[in-house]
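Novice: A single structure is presented below for examination.
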Amino acid sequence: VTSKPPSFQLTAETVTWQLIGVFTLIFAGPTVILRNALRAQVFENRPPFWMLLSGCIATMWSFLSGIFLLGVLLTV
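Counting in the working numbering, the sequence shown runs from 37 upward without gaps.
Structure representation (structure tokens):
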């Protein structure tokens with residue numbers, strides 16, 4: 037656990053930890069997208085369209101991640 041906010045940067049030193057980071061970001065990616073979109077909306081005063089677009093992308097990403105995970109669990 038770290039005190040840094042979630043981001044898409046992988047700073048691991050070994051290949052193993054980088055792979056673990058990639059697999060974590062596959063499922064945590066929508067959270068990172070929505071957090072960054074909300075921060076841009078509040079601090080940079082971006083148009084609401086970007087928040088809506090980010091929400092749609094995060095929703096589809098979450099849905100497809102869930103479908104993938106469900107498919108893996110049902111085949112095992």
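Backbone N, C-alpha and C define an ideal beta-carbon position, used for all residues, glycine too. Nothing here was measured: the structure is a model prediction, and the numbers come from that model.
Are ALA64 and PRO42 close, meaning C-beta to C-beta below 8 Å?
Specialist: yes
Novice: Distance, Cα to Cα, CYS92 vs GLY102?
Specialist: Approximately 15 Å, taken between the alpha carbons.
Novice: Output yes if chain C places a C-beta closer than 8 Å to the C-beta of PHE63; else output no.
Specialist: Of the chains in the structure shown, none is chain C; there is only one protein chain.
Novice: Would you kindly work out how many angstroms separate the C-alpha atoms of ILE62 and TRP86, rounded to a whole number?
Specialist: When the Cα atoms are used, ILE62 and TRP86 turn out to be separated by approximately 22 Å.
Novice: Could you check the C-alpha separation between LEU88 and LEU70 for me, to the nearest Å?
Specialist: For the pair LEU88 and LEU70, the Cα-to-Cα distance works out to about 10 Å.
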